[in-house]
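Following our numbering, the numbering of the sequence shown begins with 2 at its first residue and continues without gaps. Beta carbons: idealized from backbone N, C-alpha and C, even for Gly. Here is the structure we will look at, set down as structure tokens.
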Amino acid sequence: MLLIFLDIDGVICCNKRSELEVAKLVQLQRVVRTTGARVVLSSDWRRYPALRVRVFATLSSLGILCLGCTPVHLSSLRARPMEILDWLSMQGAQASSLKNWIAIDDRCLVDELGGSRLRGRCVRTIFSEGLTPERADECIHLLCNPHNYLDKVPAARPPSISMSTLLEDISLGALSPALQQKLLQQSAVF
Numbered sequence: 002m003l004l005i006f007l008d009i010d011g012v013i014c015c016n017k018r019s020e021l022e023v024a025k026l027v028q029l030q031r032v033v034r035t036t037g038a039r040v041v042l043s044s045d046w047r048r049y050p051a052l053r054v055r056v057f058a059t060l061s062s063l064g065i066l067c068l069g070c071t072p073v074h075l076s077s078l079r080a081r082p083m084e085i086l087d088w089l090s091m092q093g094a095q096a097s098s099l100k101n102w103i104a105i106d107d108r109c110l111v112d113e114l115g116g117s118r119l120r121g122r123c124v125r126t127i128f129s130e131g132l133t134p135e136r137a138d139e140c141i142h143l144l145c146n147p148h149n150y151l152d153k154v155p156a157a158r159p160p161s162i163s164m165s166t167l168l169e170d171i172s173l174g175a176l177s178p179a180l181q182q183k184l185l186q187q188s189a190v191f
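Pasting the structure below:
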């Protein structure tokens, strides 16, 4: 099984009206038809039932199978990679059928909490352009030509974040004092 962890804003919705864009959906459909991949929603849209239902219905109408959503962590913490890794670790026995996976996002996931474990698996889009034919080709290439990763489903490890990201989250008041201290102690990148 091949998986795509899908963001929405900046990937298939590049407007302020929250409209899913046909040209971008066509590219996603091409990736899925070419690879047979399934989708897991990792976008913030998963937090809102009406948006989540709309995405699932749209993907289904295009023949794209959506397996669900990643778990929701702290909303203000840049933790999407950890949400993806947690979803993978929760799959248990089903993980053995997983051949490869990627994440499509307009955020630089490798710079977020746990992002180092997504290196080589991220296709980054530009918000104003979304999923272009070139990015779709990159998705197909990554899904069909997996690197020799040591862990298909990474084992749980303490998160690693950059000091600048941690300090920015602290300055924005995004973290409780207890969580700030815990992350500072666990942070491996200074």
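- When Cβ pairs closer than 8 Å are counted between the two stretches, the region 63-82 is seen not to touch the region 129-144, the count staying below three.
- Residues 42, 46, 47, 70 of the same chain have their beta carbon placed closer than 8 Å to that of residue 53, with the five preceding and five following residues left out of the count.
- In the three-state reduction of the DSSP assignment, residue 87 falls in the helix class, which pools H, G and I.
- An exposed status is given to residue 50, since fewer than 16 other beta-carbon atoms sit within 10 Å of its beta-carbon.
- If you check the CB distance, residue 113 and residue 82 come in under 8 Å.
- The bridge partners DSSP lists for residue 101 are 3.
- The beta carbon of residue 145 lies closer than 7 Å to those of 36 in the same chain, with the five residues before and after it left out.
- DSSP, read as helix, strand or coil, puts residue 60 in helix.
- Assignment of residue 73 by DSSP, reduced to helix, strand and coil, places it in the coil class.
- Residue 15 counts as buried, since at least 16 other C-beta atoms from the protein chains shown sit within 10 angstroms of its C-beta.
- Counting along the chain, residue 123 sits inside the beta strand (DSSP E) bounded by residues 123-125.
- Within a 10 Å sphere around the beta-carbon of residue 121 sit fewer than 16 other beta-carbons, which makes this residue exposed.
- Rounded to the nearest whole angstrom, the CA to CA distance from residue 24 to residue 118 is 31 Å.
- By the 16-neighbour rule on beta-carbons within 10 angstroms, residue 63 is exposed.
- Of the other Cβ atoms in all chains shown, fewer than 16 fall within 10 Å of the Cβ of residue 19; this residue is therefore exposed.
- Assigned with DSSP and collapsed to three states, residue 93 falls in helix.
- Excluding residues up to 5 positions away in sequence, 21, 22, 25, 26, 29, 131, 132 lie with their Cβ nearer than 7 Å to the Cβ of residue 13 in the same chain.
- Residue state for residue 10 is assigned as strand, using DSSP reduced to three classes.
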